[in-house]
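Here the structure comes first, spelled out in structure tokens, and everything after it is commentary.
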Amino acid sequence: LPLGLFIAHSTTVVTHQVARMLEEPYPYLKAPPENAQAIVVLGAGVYPADEVVPVAWIGERATFRCLEAARLYHAGRARPVLVSGGIVDPTLDAPSEAELMRDLLIRLGVPDNDILLESASTDTWSNAVASSRRLKEAAIEEVVLVTDATHMGRAVRCFESQALRVTPAASDYETAGFLNRPQDYLPSVDAAETSEEVFHEWLGTIVFWLQGKR
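Residue numbers (the numbering used here): -11 to 202.
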């Protein structure tokens, strides 16, 4: 039975269904609402410099989030963009997530003076707590929140718990592009990774609820 469950959750057809439960409440946002005062984009990890790539860099998920934040910035009047993410692993010789995301946003046409940094947080809850402090200092209460579609539910709850009004702007939908092909019924590494991500979100939601952060 455990082997069968593992195989099932390593197929695209199964992971598509379980990911859809997390993603379906958050449809693609074409443009920020007129009342949005800021865009908040959450970090997703940093790769330190090494002998192959001699500079620190953000991965695919954080890059997708920055691309979405830049698109929304150029599509509406929501100003500024707050990038949230600190140094999750202090043993790594790397800058904060927020610093690297700021650098990418500048390359995507967002002016430096329209970017706020929150570089103390290390998880979704502290993203919300630290970001809300920065936002309230600027009298900002209405935000567009950018993160992965599977992560959005937990992130929204964290930010709303800080008395912020949130418009979700999901990026990197795991359910996008599903074609229901024969190979989607076979195990794959990509599907297994998606299952792991979805399990992480469900577990995080349960912990959030048990800690009374709801």
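Heads up, the beta-carbon is just placed ideally off N, CA and C, and yes, glycines get one too.
This one's a predicted model, so the numbers in the text were calculated from it and none came from an experiment.
Check	Outcome
Expected contact under 8 Å - CB spacing of residue 86 and residue 71 to nearest Å	4 Å
C-beta contact flag for residue 29 and residue 56 at 9 Å	yes
Residues of its chain near residue 203, where Cβ-Cβ distance is below 6 Å and the 5 sequence neighbours each way are ignored	Outside the displayed range of the chain (-11 to 202) lies residue 203, so it cannot be described from this structure.
Burial state of residue 248 (16 or more Cβ within 10 Å)	In the structure as shown, the chain starts at -11 and stops at 202, and residue 248 therefore has no counterpart that could be examined.
Under 9 Å between C-beta atoms of residue 20 and residue 60	yes
Alpha carbon of residue 37 to alpha carbon of residue 98, nearest angstrom	25 Å
Of the residues 135, 69, 80 and 25, the one placed nearest residue 104, counting alpha carbons only	69
Proximity winner among 48, 13, 191 and -1, relative to residue 140 (alpha-carbon distances)	13
CB of residue 89 within 9 Å of CB of residue 64, strictly	no
Reference residue 94, options 109, 194 and 54, closest by Cα	54
Entirely enclosed alpha helix (DSSP H) segments - the segment 84 to 163, minimum 4 residues	85 to 95, 112 to 125 and 140 to 148
Contacts around residue 185, its chain only, beta-carbon distance under 7 Å, and the 5 residues preceding and following it disregarded	138
Helix, strand or coil at residue 26 according to DSSP, with G and I counted as helix	strand
Where residue 176 sits in the DSSP three-state scheme	coil
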